[in-house]
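A.B. asks: Numbering (the numbering used here), first residue to last: 156 to 909.
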């Protein structure tokens, strides 16, 4: 062996040693710096003490100890070298983040919560230890953080889980709660419910006590449906008698002493993944969550985990209700019953730039009124019309598109040809006119539009239209507006109403427009609507517009600063077929009224009612004082009601016209006037334009000279931008496009020329 061969081996050994040694030193240095950086934030002694306490928390399930021990032993045998070091670092960091969640300031707590939720691929025993160490306040904040692992939260106690596996009828437990709360606060509806469903069952129960056997459930209804009815009865009772102070809420105190929370946890375990059952339980939880001092009961019964699970549901009813419950329990906001948080459902550190409020009309609801317009996929057959909703309507164009195979082997040539096709499409779109959905038949007081649809925007509009046709939404403000307008908070207001006295109803829920407005305003104030100079935009359908008008008039006339800020921060009100001067439907002949028996809600809407005319006059006065932007939409087509499809025109055009602001007459009926078909509908684009203007912060300038100078600069820039847009449009002619085509071909096809 020559000297050169020996030197080559030595040099190779030195290179390898240098690389591995340098890598080891680099990792050791950064690990040490990470320990030092984390050590500066927290007190290591406190962390060690909390860590020792958390490792020995008792778990009530005896199977946990065996399972966790086997899992830990298996993982410890498999983890060696760098994997063990990384696992130790991750474990230590989790405990320090948990300490920050408890003792850090607001910014540190928000960062720690996001980092904890970002941990992925955690082992089951790691999650169980962390769940045992979480306190109730950290748990509810973590549950509202996007992407958190559900295993971070404790399940219901073992006695609740065991009760859910028994054959004992849950309906009898709920019945006992109803009877108990009825003895505290008697109510006609609850007495009627007990008499209707449990009278003969009570007689069977008395006989079964003597016979020493378990009573059977009613044969006329299934156990699941009976439990849902019982939950609805409990919700009806607690929502009628609840108060914002827990000490005064006798019904809820009595129910909690009777073990209401444990029974609700058992119910969710028995009927898991049942949306209707989850919704029935959630409605009660939204009322209970108003009292934040019940957080410990939620936490100990595993309800934080269930709320976090339902927060991720695709059902807007479940996700919004869970968001309300978690927000109330965290103490960040207070949403009273009837108020739904639609967006954002997760925690956010960015304050909203605008509050968007949805108020429905007669016989409507948050999850009914504001859904996307339904398609009619079948033609009427005889007397019966066969229709389906968008979610059931088959559309061949909505099938998942197959990925086209490349036509060219060279990827650069393939990209060039795709660019040429796109340029050709741009040229075609530049010559097309934009026609939106729901084109108004007539428009009054419409401002001149400066909107210019370039080819790129037209292409985007076509893509959005196809997406909206293939994905049906049950709440278009929640699913569409946040995509086009940032930092919105969207709230839905729900209230009970009826069209006829023939329908079953609760006497305590009947109220006039003034009473509903008086109940709505304090609920909005508790939710923080209109505070800190946050703009407010109202979307109101039918009678909901009258309630909004009454609420704003009362706010404007109030001497309370909090109530007055609601009207001061209101930026715009959009009315969808609101009967400002009444409806001809309410002024029906005496014979028809005797047959239909219209409800009190309908009788309030009599045509040219002095109450409505006075309300209209006051609203116009304050709208001019506070400079509210108003937009009104009117229906021009009759609505088919009842099974016989009787055409009824609910709101006439002259009554839907506010007489101020923009007014559109649309070829839609009363139910479709607030339901855009796609995001290219005039209904949606008008709402979006109003919201974008409301989100802009107005800058108040003291000096008139500065104000005039700013106005001059703005006008100059507007002219320049308009000229630039015209120039861009002119460059999109065929000659310019052919020049771009030649340029692309010359730059990418040198190898193909002769």
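Virtual Cβ for every residue (Gly too), placed ideally from N, Cα, C.
Can you tell me whether residue 347 is buried or exposed, with buried defined as 16 or more other CB within 10 angstroms of its CB?
C.D. replies: Stepping through the chain shown from its first residue, residue 347 is reached at position 192. Label assigned to residue 347: exposed.
A.B. asks: Just checking my contact of residue 512 with residue 648 at CB under 8 Å: how many whole Å lie between their CB atoms?
C.D. replies: By 1-based counting over the chain shown, the position of residue 512 is 357. By 1-based counting over the chain shown, the position of residue 648 is 493. That belief holds up - the Cβ atoms of residue 512 and residue 648 are roughly 6 Å apart, short of 8 Å.
A.B. asks: Taking the alpha helix (DSSP H) that residue 346 belongs to, which residues open and close that run?
C.D. replies: Locating residue 346 in the chain shown gives position 191, where the first residue counts as 1. 343-352 is the span of the alpha helix (DSSP H), which, as asked, contains residue 346.
A.B. asks: Measuring straight from C-alpha to C-alpha, what distance separates residue 161 and residue 174?
C.D. replies: Position 6 of the chain shown holds residue 161. Position 19 of the chain shown holds residue 174. So the two alpha carbons sit approximately 20 Å from each other.
A.B. asks: Give the range of the alpha helix (DSSP H) segment to which residue 811 is assigned.
C.D. replies: Counting from one through the chain shown, the residue named residue 811 turns up at place 656. Unbroken alpha helix (DSSP H) run through residue 811: 808-811.
A.B. asks: Among 712, 602, 421, 325, which residue has its Cα nearest to the Cα of residue 311?
C.D. replies: If you number the chain shown from 1, residue 311 lands on position 156. Of 712, 602, 421, 325, the residue nearest in Cα terms is 421.
A.B. asks: I need the boundaries of the alpha helix (DSSP H) containing residue 287, first residue and last residue.
C.D. replies: Here residue 287 refers to the residue found at position 132 when the chain shown is read from its first residue. Here the alpha helix (DSSP H) through residue 287 covers 279-288.
A.B. asks: Does the Cβ-Cβ distance between residue 646 and residue 495 come in under 8 Å?
C.D. replies: Along the chain shown, read from residue 1 onward, the residue named residue 646 stands at position 491. Along the chain shown, read from residue 1 onward, the residue named residue 495 stands at position 340. For residue 646 and residue 495, yes; Cβs fall inside 8 Å.
A.B. asks: Looking at residue 810 and residue 949, is the spacing between their C-beta atoms short of 8 Å?
C.D. replies: Because residue 949 is not part of the residues shown, which for the chain are 156 to 909, the question remains open.
A.B. asks: Report the option in 674, 621, 324, 780 whose CA atom is closest to the CA atom of residue 492.
C.D. replies: Position 337 of the chain shown holds residue 492. Residue 674 is the option with its Cα nearest to residue 492.
A.B. asks: Check whether the segment 296-307 and the segment 333-341 touch, using three or more Cβ-Cβ pairs below 8 Å as the test.
C.D. replies: Touching, no.
A.B. asks: Count the CB pairs spanning the segment 702-722 and the segment 784-797 that are closer than 8 Å, and state whether there are at least three.
C.D. replies: As far as the Cβ criterion goes, the segment 702-722 does not touch the segment 784-797, which means the pair count is below three.
A.B. asks: What does the Cβ neighbour count give for residue 170, buried or exposed, with the cut at 16 atoms within 10 Å?
C.D. replies: Mapped onto the chain shown, residue 170 falls at position 15. Residue 170 is exposed by the Cβ-count criterion.
A.B. asks: Which residues bound the alpha helix (DSSP H) around residue 500?
C.D. replies: The residue you call residue 500 lines up with position 345 of the chain shown. No alpha helix (DSSP H) holds residue 500; DSSP gives it neither H nor E.
A.B. asks: Just tell me which of 344, 527, 298 has its CA closest to the CA of residue 454.
C.D. replies: Counted from its first residue, the chain shown places residue 454 at position 299. Looking at the Cα atoms, 298 is the closest of the given residues.
A.B. asks: Using the DSSP secondary-structure output, state which residues sit across from residue 802 in a beta bridge.
C.D. replies: Start at 1 with the first residue of the chain shown, and residue 802 comes out as number 647. 795, per the DSSP bridge assignment.
A.B. asks: Less than 8 Å between the C-beta atoms of residue 803 and residue 794, yes or no?
C.D. replies: To locate residue 803, count along the chain shown from 1; it is residue 648. To locate residue 794, count along the chain shown from 1; it is residue 639. A contact, by the Cβ cut-off of 8 Å.
A.B. asks: What's the call for residue 598, buried or exposed, on a 16-neighbour Cβ count within 10 Å?
C.D. replies: Here residue 598 refers to the residue found at position 443 when the chain shown is read from its first residue. Exposed, since its Cβ has fewer than 16 Cβ neighbours within 10 Å.
A.B. asks: CB-CB under 6 Å to residue 834, same chain, minus the five flanking residues each way: which ones, in chain order?
C.D. replies: Residue 834 sits at position 679 when you count from the first residue of the chain shown. Cβ neighbours of residue 834 beyond the five flanking positions: 619, 623, 635.
A.B. asks: According to DSSP, which residues form a beta bridge with residue 509?
C.D. replies: Within the chain shown, residue 509 is the residue found at index 354, counting from 1. Answer is 643, 690, bridged to residue 509.
A.B. asks: Please say whether residue 485 and residue 295 have beta carbons closer to each other than 8 Å?
C.D. replies: As a position in the chain shown, residue 295 is number 140, starting the count at 1. As a position in the chain shown, residue 485 is number 330, starting the count at 1. Their beta carbons are under 8 Å apart, which means residue 295 touches residue 485 by this criterion.
A.B. asks: Give the single residue among 263, 704, 389 whose Cα lies nearest to the Cα of residue 132.
C.D. replies: A query on residue 132 cannot be resolved here, the shown segment of the chain reaching from 156 to 909 and no further.
A.B. asks: Name the two residues that bound the continuous beta strand (DSSP E) containing residue 788.
C.D. replies: Numbered from 1 along the chain shown, position 633 holds the residue referred to as residue 788. Looking at the DSSP string, the run of the beta strand (DSSP E) that includes residue 788 is 784-790.
A.B. asks: Would you tell me roughly how many angstroms separate the C-alpha atoms of residue 247 and residue 272, rounded to the nearest one?
C.D. replies: For the purposes of this step, residue 247 is taken as residue 92 along the chain shown, with counting starting at 1. For the purposes of this step, residue 272 is taken as residue 117 along the chain shown, with counting starting at 1. Rounded to whole angstroms, residue 247 to residue 272 spans 16 Å at the Cα level.
A.B. asks: Quick one: give me the first and last residue of the alpha helix (DSSP H) that residue 263 is part of.
C.D. replies: Position 108 of the chain shown, counting from 1, holds the residue named residue 263. Here the alpha helix (DSSP H) through residue 263 covers 261-273.
A.B. asks: Where does residue 761 land, buried or exposed, given buried means 16+ other C-beta within 10 angstroms?
C.D. replies: Looking up residue 761 in the chain shown gives position 606. Looking at its Cβ environment, which holds 16 or more other Cβ atoms inside 10 Å, residue 761 is buried.
A.B. asks: Extract the residue ranges of the beta strand (DSSP E) inside the segment 668-719, only unbroken runs of 3 or more that lie entirely within it.
C.D. replies: For the segment 668-719, whole beta strand (DSSP E) runs of length 3 or above, ordered along the chain, are 690-696.
A.B. asks: Here's the rule I'm using: 16 or more other beta-carbon atoms within 10 Å means buried, otherwise exposed. How should residue 416 be labelled?
C.D. replies: Locating residue 416 in the chain shown gives position 261, where the first residue counts as 1. Per the 10 Å Cβ criterion, buried.
A.B. asks: Are the beta-carbon atoms belonging to residue 459 and residue 386 less than 8 Å from one another?
C.D. replies: Position 304 of the chain shown holds residue 459. Position 231 of the chain shown holds residue 386. Contact: no.
A.B. asks: Across which residues does DSSP place residue 648 in a beta bridge pair?
C.D. replies: In the chain shown, residue 648 corresponds to position 493, counting from 1. 494, 514, per the DSSP bridge assignment.
A.B. asks: Run through DSSP, which three-state label would residue 397 get?
C.D. replies: Here residue 397 is taken as the residue at index 242 of the chain shown, counted from 1. Coil at residue 397, not helix or strand.
A.B. asks: Any idea if residue 172 is buried or exposed, counting beta-carbon neighbours within 10 angstroms, 16 or more meaning buried?
C.D. replies: On the chain shown, residue 172 is found 17 positions in, with the first residue counted as 1. By the neighbour-count rule (16 or more Cβ atoms within 10 Å), residue 172 is not buried but exposed.
A.B. asks: Within the chosen definition, does the segment 378-392 reach the segment 325-334 through at least 3 CB pairs nearer than 8 Å?
C.D. replies: At 8 Å Cβ cutoff, the stretches touch.
A.B. asks: Which residue comes first and which comes last in the beta strand (DSSP E) that contains residue 727?
C.D. replies: The count along the chain shown starts at 1 and reaches residue 727 at position 572. Run containing residue 727: 725-731, per the beta strand (DSSP E) assignment.
A.B. asks: Assign residue 427 to one of two classes, buried (16 or more other C-beta atoms within 10 Å of its C-beta) or exposed (fewer than that).
C.D. replies: For the purposes of this step, residue 427 is taken as the residue at position 272 of the chain shown. With fewer than 16 Cβ atoms within 10 Å of its Cβ, residue 427 is classed as exposed.
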